[in-house]
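Heads up: the structure comes next, in structure tokens.
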Amino acid sequence: MTKKKTVAILGSTGSIGINTLNVIRQSADRFRVVGLSADSNIGLLAKQAHDFRPKAVSVGRKSLVNRLKKAVPPGTLVLDGLGGLTEIACEKDTDIVVLAISGTVCLIPLIEAIKKGKAVALANKEALVSAGPLVKSLAQKHRAAMIPIDSEHSAIFQCINGKVSDVSKIYLTGSGGPLLDVPLNRFDRLSRKFILRHPRWRMGKKISVDSATMMNKGLEILEAKYLFGVAEKDIEVLIHPEAIVHSMVEFVDGSVLAQMAVADMRLPIQYALNFPLRARAIVERLDFIKIGALTFRKPDEVKFPCLGLARAAASSGGTAPAALCAADEEAVKCYLDGNIKFSRIAEIIEKVLSRHRNVKIDALSVKDILDTDRWAREEARSLCCL
Ligand code: NDP
Ligand code: MG
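Printed below as a string of structure tokens:
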């Protein structure tokens, strides 16, 4: 019998986390869960602990620890805060760490897991975007595999299949989000419920708002740049409302490879967990006759200024991507709390970036990134109050 792969999931109570556990449940002979975490949903975390019996669980705040201890199976180690996440990510028995928390909060656990040489399955994009060159060089130094879960990057990873030097261009596809066919002058009149209802994917709130502003696609340009070492100018965004082609890679000889599948995150999760092997399908298969046609169009950068902001940060480099991520996270939070109109999200990010003094040195430290993150959040929060 082959040894089971041991998996830790940071953010197990979210959309990606729940899907990851669904995949694992269907392949219980291949995987064993060793660590789980949530921010505040201790009810679901405790249920997951009973179902999967991890060695350790972690929760966002210390004040939740005692309640969680009473709810998990006896003997489960209960941790909290950033220290807890990092301990779970670095646990010596763990083979693969799934990063399924949204935002840059998982930057330190990601870095520490990489330093321990763990394979990291990245759903989270913000940590990599904010500290791309640093994370990449640490992964190389410690021979830690980085396997994308984000559907577009999983598609690109599968198409490239290790041949990065032959790539001439990446086509990053996106369904266009809930505002694709809504005129710009209606954006601020739409309810938050409408903004949060993505036509193709059921996701957490932060990424749903990012999909509406198209910052999600912007962050994905940076994610692709760092994961695959392709220049920003060679990454083209294509709107593809059918969400069947999850991205494409053009090679130096003009051949283009696409990865296609139904829009179901369990597939890229299953791929990342099983890599380098492929497991039997747990998602529906494609029916090309039913699909009929696949369409592609250019994104509207006037309606969706976040795309241009992300491109500018990608070409500036330095600490600009960290400032972009942090400003976006704060502006989205303000929008979700009902404190700003939808159109202010892009305005606030633009303002923060225009005030940002970019640190452009070859080897940025974690401190440089965290200082920028803190500064950009404060700046964004003060703009949200205006
Ligand atoms: P969700 O909001 O659904 O889940 C987030 C998870 O992280 C929850 O378990 C939540 O705990 C936990 N969490 C949130 N904030 C903190 C914090 N400060 N400290 C510790 N834990 C925290 O997000 P998604 O699953 O949708 O997205 C996760 C990541 O994956 C994002 O970076 C997103 O961009 C990326 N992604 C998601 C896709 C999707 O289909 N959902 C697709 C591609 C990428 P609690 O439940 O207690 O709040
Ligand atoms: Mg994506």
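Numbering (the working numbering), first residue to last: -6 to 379. No residue lacks a Cβ here, since even glycine has one placed at the ideal position from N, Cα and C. Computed from a predicted model, the values in this text were never measured in an experiment.
Contact the region 288 to 298 vs the region 326 to 334: 3+ CB pairs below 8 Å: With fewer than three CB-CB distances shorter than 8 Å, the region 288 to 298 does not count as touching the region 326 to 334.
Span separating the alpha-carbon of His146 from that of Ser201: 18 Å
Endpoints, alpha helix (DSSP H) assigned at Ile275: Neither: Ile275 is in no alpha helix (DSSP H) and is coded neither H nor E.
Segments assigned beta strand (DSSP E), at least 3 residues, entirely inside the region 177 to 201: none
Contact test: Ser144 Cβ vs the ligand MG heavy atom, cutoff 6 Å: Yes, Cβ of Ser144 sits closer than 6 Å to a heavy atom of the ligand MG.
Sheet register partners of Thr380 (DSSP bridge): No answer is possible for residue 380: it lies beyond the span of the chain, which begins at -6 and ends at 379.
Start and end residues, alpha helix (DSSP H) containing Met253: Where Met253 is concerned, there is no enclosing alpha helix (DSSP H), although the beta strand (DSSP E) it sits in stretches over 249 to 253.
For Phe244: DSSP bridge partner residues: Val160
Range covered by the alpha helix (DSSP H) that runs through Asp366: 359 to 377
heavy atom of the ligand NDP below 6 Å from Ser33 C-beta: yes
Gly7 versus Met139: straight-line alpha-carbon distance, rounded: 21 Å
Inter-residue CB distance, Leu302 and Lys344 (contact presumed, cutoff 8 Å): About 10 Å separates the two Cβ atoms, so there is no contact after all.
Residue span of the alpha helix (DSSP H) that contains Arg18, given as start and end: 8 to 19
Collapsed DSSP secondary structure at Leu3 in the structure displayed: strand
The ligand NDP heavy atom lying under 6 Å from the CB of Ala17: Inspection of the sequence shows that residue 17 is occupied by Ile rather than by Ala. Not so, every heavy atom of the ligand NDP lies at least 6 Å from the Cβ.
Supposed contact pair Thr206 and Cys299 - C-beta distance, whole angstroms, cut 8 Å: 5 Å
Distance cut-off 6 Å: Gly7 Cβ against heavy atoms of the ligand NDP: yes
Residue range of the unbroken alpha helix (DSSP H) whose run includes Met208: 208 to 221
Buried versus exposed, by CB contacts within 10 Å (16 or more), Glu371: By the 16-neighbour rule on beta-carbons within 10 angstroms, Glu371 is exposed.
When Phe297, Ala114, Ile17 are compared against Asp174, the one with the closest alpha-carbon: In terms of Cα proximity to Asp174, the closest of Phe297, Ala114, Ile17 is Phe297.
Simplified DSSP state of Glu146, which is helix, strand or coil: According to the sequence as given, residue 146 is His; it is not Glu. Here DSSP, grouped into helix, strand and coil, assigns His146 to helix.
Leu61: first and last residue of the uninterrupted alpha helix (DSSP H) it sits in: 58 to 64
Per-residue burial, Val128 [other beta carbons within 10 Å of its own, 16 or more giving buried]: buried
Same chain, Cβ closer than 6 Å to His239, five either side skipped, listed in chain order: Ser144, Glu145, Ala148, Gln252
Residue nearest to Thr312 in terms of C-alpha spacing, selected from Lys326, Ala272, Ser347, Arg193: Ser347
Short Cβ contact (7 Å threshold) for Met241 with Val249: yes
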